[in-house]
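Student:
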Amino acid sequence: MSKLVSKQYTVPFILITSLFFIWGFARAVLDVLNKHFQEMLHISIGQSTLIQATTYLGYFLMALPAGIMITRVGYRKGVVAGLLLFALGALLFIPGERVMSFGMFLLALFIIGCGLVILETAANPYAAELGDKATAASRLNLAQSFNGLGCILAPVSVGAFLFSSPESSVAIPYGIMGAAVLVAALIFSRVRLPEISDSGHEAAVTVEEEEKGLAATIRQLWSSRRFRFGFLALFFYEIAEISINSLFINYATSDGWMDKTTASIVLSFGALGLFMLARVAGSMVMSRIRSEKVLLICGVLTVAGALLVAADLGWVSKAGVFMCYAFEAIMFPTIFAITIVGAKGKAVKIASSFLMMTPIGGAVGTMLMGEVADLTSMSTAFLVPAVGYAFVLAYAVRAVNNN
5 MSKLVSKQYT VPFILITSLF FIWGFARAVL DVLNKHFQEM LHISIGQSTL IQATTYLGYF
65 LMALPAGIMI TRVGYRKGVV AGLLLFALGA LLFIPGERVM SFGMFLLALF IIGCGLVILE
125 TAANPYAAEL GDKATAASRL NLAQSFNGLG CILAPVSVGA FLFSSPESSV AIPYGIMGAA
185 VLVAALIFSR VRLPEISDSG HEAAVTVEEE EKGLAATIRQ LWSSRRFRFG FLALFFYEIA
245 EISINSLFIN YATSDGWMDK TTASIVLSFG ALGLFMLARV AGSMVMSRIR SEKVLLICGV
305 LTVAGALLVA ADLGWVSKAG VFMCYAFEAI MFPTIFAITI VGAKGKAVKI ASSFLMMTPI
365 GGAVGTMLMG EVADLTSMST AFLVPAVGYA FVLAYAVRAV NNN
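Residue 346 in the working numbering sits at position 342 of the sequence shown, and the numbers go up by one each step.
Here is the structure:
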């Protein structure tokens with residue numbers, strides 16, 4: 005069995021994996037902000053989903069520029085740029101709270117989204133490339149498990165603070181995040197990360213030649229059926245995953261199942277804790293079983309879980325929510341790794357940038373789920389993620405049959 009990480013890449017892998025924790029924490033905080041802003045700013049569930057929509061709009065608009073930038077300046081400088089943008093957005097929460105402006109909060113979240121997509125565009129393919137191609141999906145799942153750790157800590161720590169009092173300051177946790185990320189940017193500005201390329205040197209090219217090469221790379225990617233279906237699978241996966249995370253607290257409190265403080269703790273240690281453990285377990289399983297087969301099984305079980313919730317069957321439906329968290333855990337890194345197989349050099353970075361546009365699906369899914377919840381019920385709204393998981397299942401069936 006091939007080693008997950010080549011020996012010469014152990015330190016770079018550890019450093020790059022720390023970034024997965026950072027954006028996991030940042031994205032999970034959004035799931036607490038929905039409920040907090042509904043109460044602090046007196047807005048509806050549908051209106052609060054603009055939090056996700058704005059953040060992931062940043063992902064969509066910045067993803068391709070991020071990929072182009074990383075091909076020109078390299079992974080390390082790309083990471084530093086992403087961290088600085090993240091810090092800027094987080095620190096904007098301080099003036100945002102002073103004027104109590106939802107618009108300024110959304111602007112701050114948009115900037116954070118732009119920073120996060122640069123980090124993800126750099127880190128996902130970089131982690132996948134640090135070792136044997138055969139273990140890329142397993143290696144990326146291992147790195148992504150630290151994303152899960154960030155997701156666990158964010159709702160319980162920030163949620164406990166924000167829900168402790170109606171007057172709790174949202175600027176405090178974001179100010180702390182901004183300062184911490186600035187320290188991370190300083191560290192990455194002073195370390196060396198080896199560039200992964202197909203040749204030992206890069207020939208000097210003119211701007212015109214570079215643009216032609218970029219256009220050719222983009223055409224080549226979109227001419228690949230594997231890439232097109234992988235892009236759509238990630239888009240639909242994000243519809244499911246982000247919408248459930250965003251409205252978990254609303255679901256948990258909608259019928260008196262638990263209060264909002266308890267819900268944030270359950271989201272952290274129950275749902276997202278299960279998610280992280282499942283991702284670690286998935287990494288181990290996929291070192292022995294083909295990733296396409298594992299994805300197929302998980303696709304069936306997530307569709308079943310979402311439909312159980314939509315059926316509103318009491319405790320059976322509540323168990324269905326945790327089924328979704330357990331079996332969706334391996335989906336993003338697995339689909340990502342399968343999709344970029346065969347891409348080389350510049351194509352890996354550009355492919356990653358397109359794939360990192362897909363969290364906009366989470367904005368679409370969250371807004372749809374919020375609207376359905378406002379019109380019907382939180383249980384019925386789980387039909388939205390059910391559709392997302394169903395597409396991933398179809399993708400997995402195709403992937404199994406083609407390998």
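We put the CB at the ideal spot given by N, CA and C, even for glycine.
1) Could you round the C-beta distance between ALA310 and GLY324 to whole angstroms and report it? I think they count as a contact, below 8 angstroms.
2) Have a look at PRO99, MET44, ALA30, ALA131 and flag the residue whose alpha-carbon is nearest the alpha-carbon of PHE17.
3) Could you tell me the alpha carbon to alpha carbon distance between GLY28 and TYR63, rounded to whole angstroms?
4) Over the uninterrupted alpha helix (DSSP H) stretch that includes ASP263, give me the two end residues.
5) With 16 other CB atoms within 10 Å as the buried threshold, where does VAL396 fall?
6) Within its chain, find whatever has a CB closer than 7 angstroms to the CB of GLY93; leave out the 5 residues flanking it on each side and keep chain order.
7) For MET382 and ASN254, what's the separation of their Cα atoms in angstroms?
8) Could you pull out every residue in the same chain whose Cβ sits closer than 8 angstroms to the Cβ of ILE49, ignoring the five residues on either side in sequence?
9) If we require 4 or more residues per run, which alpha helix (DSSP H) segments fall completely within the stretch 128–174?
10) Can you check whether the CB of PHE97 is closer than 8 angstroms to the CB of VAL185?
11) Apart from the five residues just before and just after LEU87, which ones in its own chain have a Cβ nearer than 6 angstroms to its Cβ?
12) One question on the structure: do ALA57 and ALA158 come within less than 8 angstroms of each other, judged by their Cβ atoms?
13) Determine whether the beta carbon atoms of PRO389 and ILE156 lie at a separation below 8 angstroms.
14) Hey, is PHE106's beta-carbon within less than 8 angstroms of any beta-carbon in chain B?
15) Using the three-state DSSP reduction, which class does VAL9 fall into: helix, strand or coil?
16) Identify every run of the alpha helix (DSSP H) within the stretch 33–100, keeping only runs that are complete inside it and at least 4 residues long; order them along the chain.
17) Can you say whether ILE180 is buried or exposed, counting buried as having 16 or more other CB atoms within 10 angstroms of its CB?
18) Cutting at 7 angstroms between CB atoms, please list the residues of its own chain near VAL304, excluding the five before and the five after it.
19) What distance in whole Å lies between the Cβ atoms of THR265 and ALA164, which are believed to be in contact at a cut-off of 8 angstroms?
20) Using CA coordinates, which residue listed in ASN406, GLY217, ILE26, SER52 is at the minimum distance from ARG76?
21) Taking GLY374 as part of the alpha helix (DSSP H), name the residues at either end of that continuous run.
22) Look at the Cβ atom of VAL160, then the Cβ atom of ILE246, and state whether they are nearer than 8 angstroms.
23) Need the endpoints of the alpha helix (DSSP H) that ASN405 sits in, please.
Tutor: Concretely, from the data shown:
1) Correct: roughly 7 angstroms between the Cβ atoms.
2) Considering only PRO99, MET44, ALA30, ALA131, the residue with the shortest C-alpha distance to PHE17 is ALA131.
3) Rounded to whole angstroms, GLY28 to TYR63 spans 14 angstroms at the Cα level.
4) Premise fails: ASP263 is in no alpha helix (DSSP H) and is neither H nor E.
5) Buried.
6) Excluding its 5 nearest sequence neighbours in each direction, GLY93 has C-beta neighbours in its own chain below 7 angstroms: ALA112, LEU113, ILE115, ILE116, GLY119, listed in chain order.
7) Cα to Cα, MET382 sits roughly 8 angstroms from ASN254.
8) Excluding positions up to five away in sequence, the list reads ASN38, GLN42, LEU251, ASN254, GLY374, ALA377, ASP378.
9) Counting whole runs of 4 or more residues, the stretch 128–174 contains the alpha helix (DSSP H) stretches 140–166.
10) In this structure, PHE97 does not lie closer than 8 angstroms to VAL185 by Cβ.
11) Excluding sequence neighbours, LEU87 sits near VAL185, ALA188, ALA189.
12) At least 8 angstroms separates the beta-carbon of ALA57 from that of ALA158.
13) Taking 8 angstroms as the Cβ cut-off, PRO389 and ILE156 do not qualify as a contacting pair.
14) As a matter of chain content, chain B is missing from the structure shown, which is built from one protein chain.
15) Coil.
16) If you keep only unbroken alpha helix (DSSP H) runs of at least 4 residues inside the stretch 33–100, you get 49–52, 54–77, 79–95.
17) Flag for ILE180 reads exposed.
18) By the criterion of a C-beta distance shorter than 7 angstroms, VAL304 is surrounded in its chain by LEU397, once the five residues flanking it on both sides are discounted.
19) About 7 angstroms; that satisfies the 8 angstroms criterion.
20) Nearest to ARG76 by C-alpha distance, out of ASN406, GLY217, ILE26, SER52, is GLY217.
21) Counting along the chain, the unbroken alpha helix (DSSP H) around GLY374 starts and ends at 364–379.
22) For the pair VAL160 and ILE246, the CB atoms are not nearer than the 8 angstroms cut-off.
23) It spans 387–405 - the alpha helix (DSSP H) in which ASN405 sits, taken as one unbroken run.
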